[in-house]
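Report on one structure; see the data block that follows.
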Amino acid sequence: MPDFRLSETETRDLVALINSRAKGGLTPDPQSPPGNLGQGRRLFISRGCRSCHGLGAKATTDAKPAPRVPLAFGQATSAGCLAEKPSQATGKRRVPEFGFTKQQRNDLVAFLAATADLAPGKSPLELAGTITRTLRCTACHDRDTTVSPRREIIADESDRGLLPSVLPNLTWAGEKLQTSWTGQLLSGRLEHSSRPWLKARMPSFGSWGDRLARGLAAEHGVSIAKTAGPDPDSTLAEIGDKLTRKQGGFNCMQCHGVGKTPALAPFDNRGVNFSRVRQRLRYGFYLDWMFDPLRLDPHSKMPRFSPDRKTTAVDNVLDGDARRQFDALWHFLQAIEDN
C-alpha cells in the first residue's frame, strides 16, 4: 500500500466514504509472517545461507554458489532447506538439514519476505516495467502509449464535470530526472512537494522507490550517478537571470517561482519552482526540452522559444543564439539556492 501521507481527519473521511458505499464485509488485513525479522537476519548469516543463496539481484556478491543450487530463494519458503523435513521434501536434490526449529523457520521466512527482491535476477531495466505495472503507475500517469484513465474518470464522476490537471508523463522520467532525486521522491524521502499546487497527491512507495528510479534510468541508458552539465559560470548565470525577466527575456517568472518568490500570473500553467531544478533535472534533457517542449509532452503549456532551433526572439542577448541563451539559463538555474 503506497503512503499518501493522509492526516487523521483525511483517513477517517476516506474510511467513512468507503464504508458508506461498500457492499458485503471488509477483507481482513493480510497477515505478516509470524517470525522475527531480526532473528531471521542473524540466522541467515550464522547458518551460512549465503554460501549457496543470494537474495534476488541484490546479494550475489556475497553468495558462493554450490553446483546446481539456485542463487536466489524461490517462491515457496516452505520447501528446500526451510521444509519441515528437508530430506523428505526435495526429491532427487540433496539439501542440508539444519535442524531448524519451527520458530527459526518462521524467523527466516519473515526476513526473506522483507528482504528478497520483487523479481530475483531481473535487471533494473526489467524491474522498471514490472514495478510500474505492480504499483499501477499508469492509473494516474501516462507512460509510453498507455494513457491514464484518471482524467476521464474524475471528470465523469465529479460534480463540476471538469478535467483535472494533467500529471507528469512517465515516458521520459528516467532521462529527464536525476536518479537520486527520483529515488527520494518515490520513496518518500523528499522533504518538499515538487508540484504543491496540484490537488492530486503523489504517494510514496518506501523501498520500491530507489529500485524503480534505477529502472527508469536504465530504460534510457543513462547513468544512475548524478550527472552535471557545463562548469558553473557566474557571468553566464547573470545573463540567464536577465533572460528570465519579462523585459528583454522570456518572461519565465510568469509561470515559475524562484525560491520564496511566487510566479507572477501562472493561472493554470504553473511550472516547477526554479530553485528546485538543480537537484532534479538532467542537462541533456533540459536542452531537448527548451528547444521543443511539445515534442516531449503534448500537454505542456511551455512555449517554444526557438522554432528554427537556432535563434530566439531575444536577439539582443548573446546574438540571439538559442543554444547559448539556453545554456545561460542553465547556469542561472544552477546558481539558485534550493529554498
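End of the sequence shown = 338 in numbering that gives the first Met the number 0, gap-free, step of one. Here a beta-carbon is modelled for each residue, glycine too, at the ideal position from N, C-alpha and C.
When you compare only the Cα positions, how much space is there between LEU180 and ASN272? For the purposes of this step, residue 180 is identified with residue 181 of the sequence shown, where counting begins at 1. For the purposes of this step, residue 272 is identified with residue 273 of the sequence shown, where counting begins at 1. Checking the sequence shown, residue 180 turns out to be Trp, not Leu. Approximately 15 Å, taken between the alpha carbons.
Comparing C-alpha positions only, which one of SER192, GLU190, PHE204 and GLY182 sits nearest to LEU215? Numbered from 1 along the sequence shown, position 216 holds the residue referred to as residue 215. It is GLY182 whose Cα lies nearest to the Cα of LEU215.
Would LEU295 and ASP287 qualify as a contact pair, given that the criterion is a beta-carbon distance under 9 Å? One-based indexing of the sequence shown puts residue 295 at position 296. One-based indexing of the sequence shown puts residue 287 at position 288. Between LEU295 and ASP287, the C-beta gap is smaller than 9 Å, which places the two residues in contact.
Give the range of the alpha helix (DSSP H) segment to which LYS241 is assigned. What you label residue 241 is simply residue 242 of the sequence shown in a count that begins at 1. Per DSSP, LYS241 belongs to the alpha helix (DSSP H) from 233 to 242.
Once you ignore the five residues that flank ASP2 on each side, which residues in its own chain have a CB closer than 8 Å to its CB? Locating residue 2 in the sequence shown gives position 3, where the first residue counts as 1. The residues are GLY187, PRO202, SER203, PHE204 and GLY205.
Tell me which same chain residues have a C-beta within less than 8 Å of the C-beta of PRO229, skipping the five on either side of it? Numbered from its first residue, the sequence shown carries residue 229 at position 230. Counting only Cβ-Cβ distances below 8 Å, and skipping sequence neighbours, we find TYR282, ASP326, TRP329 and HIS330.
Which stretch, first to last residue, makes up the alpha helix (DSSP H) that contains PRO261? If you number the sequence shown from 1, residue 261 lands on position 262. Taken as a continuous stretch (DSSP letters only), PRO261 belongs to no alpha helix (DSSP H), as it is neither H nor E.
Beta-carbon proximity list for GLN324, same chain, < 7 Å, skipping 5 on both sides: Position 325 of the sequence shown, counted from the start, is the residue given in the question as residue 324. So the list reads LEU242, THR311, VAL313, VAL316 and LEU317, once near-sequence residues are dropped.
Which term fits TRP196, buried or exposed, when burial requires 16 or more other beta carbons within 10 angstroms of its beta carbon? Counting from one through the sequence shown, the residue named residue 196 turns up at place 197. TRP196 should be labelled exposed.
Starting from GLY208 and walking both ways along the alpha helix (DSSP H), at which residues does that stretch end? For the purposes of this step, residue 208 is taken as the residue at position 209 of the sequence shown. 207 to 218 is the extent of the alpha helix (DSSP H) around GLY208.
Quick one, are the C-beta atoms of HIS140 and LEU162 less than 9 Å apart? Position 141 of the sequence shown, counting from 1, holds the residue named residue 140. Position 163 of the sequence shown, counting from 1, holds the residue named residue 162. No.
Report the three-state DSSP secondary structure of ASP2 (helix, strand or coil). Counting from 1 along the sequence shown, the entry for residue 2 is found at position 3. In the structure shown, ASP2 sits in a strand (DSSP, three-state: E or B).
Cut-off 6 Å between Cβ atoms - residues of its own chain near LEU189, not counting five sequence neighbours on either side: Along the sequence shown, one-based indexing puts residue 189 at 190. Same-chain partners within the cutoff: GLN183.
Evaluate LEU105 with the Cβ neighbour count: other Cβ atoms within 10 Å of its Cβ, from every protein chain shown; 16 or more gives buried, anything less gives exposed. In the sequence shown, counting from the first residue as 1, residue 105 sits at position 106. Reading off the sequence shown, one finds Asn at residue 105, where the question assumed Leu. Buried, because 16 or more other Cβ atoms sit within 10 Å of the Cβ of ASN105.
When the Cα atoms are used, what is the spatial distance from SER6 to GLN278? In the sequence shown, counting from the first residue as 1, residue 6 sits at position 7. In the sequence shown, counting from the first residue as 1, residue 278 sits at position 279. Each residue's Cα considered, the two are about 28 Å apart.
Decide if LEU263 is buried, meaning its Cβ has at least 16 other Cβ atoms within 10 Å, or exposed. Walking along the sequence shown from the start, residue 263 turns up at place 264. Result: exposed.
Would you identify the three-state DSSP class for SER203, choosing helix, strand or coil? The residue labelled residue 203 in the question sits at position 204 within the sequence shown. Looking at SER203 - three-state DSSP - the assignment turns out to be strand.
Answer yes or no: do GLY239 and LEU111 have a C-beta to C-beta separation smaller than 9 Å? As a first step, residue 239 must be located in the sequence shown, where it is residue number 240. As a first step, residue 111 must be located in the sequence shown, where it is residue number 112. In this structure, LEU111 does not lie closer than 9 Å to GLY239 by Cβ.
Suppose you measure from the CA of LEU126 to the CA of GLY173; what does that come to, to the nearest Å? For the purposes of this step, residue 126 is taken as residue 127 along the sequence shown, with counting starting at 1. For the purposes of this step, residue 173 is taken as residue 174 along the sequence shown, with counting starting at 1. Taking the straight line from one Cα to the other gives about 13 Å.
Between the CA atoms of PRO261 and LEU13 - distance to the nearest angstrom: By one-based count along the sequence shown, residue 13 stands at place 14. By one-based count along the sequence shown, residue 261 stands at place 262. The alpha-carbon atoms of LEU13 and PRO261 are separated by roughly 32 Å.
Express the C-alpha separation of GLU9 and ASN18 in angstroms, rounding to a whole number. Taking the first residue of the sequence shown as 1, we reach residue 18 at position 19. Taking the first residue of the sequence shown as 1, we reach residue 9 at position 10. Their Cα atoms are separated by approximately 14 Å.
Please specify which runs of the alpha helix (DSSP H), each continuous and at least 4 residues long, are wholly inside the region 147 to 190, giving them in chain order. For the region 147 to 190, whole alpha helix (DSSP H) runs of length 4 or above, ordered along the chain, are 149 to 156, 172 to 175 and 178 to 186.
Where does LEU42 sit, in a helix, a strand or coil, going by DSSP? Working through the sequence shown from its first residue, we reach residue 42 at position 43. Correct three-state label for LEU42: helix.
Going by Cα to Cα distance, which pick from GLN103, ARG46, THR170 and GLU96 is closest to THR131? By 1-based counting over the sequence shown, the position of residue 131 is 132. Ranking GLN103, ARG46, THR170 and GLU96 by Cα distance to THR131 puts THR170 first.
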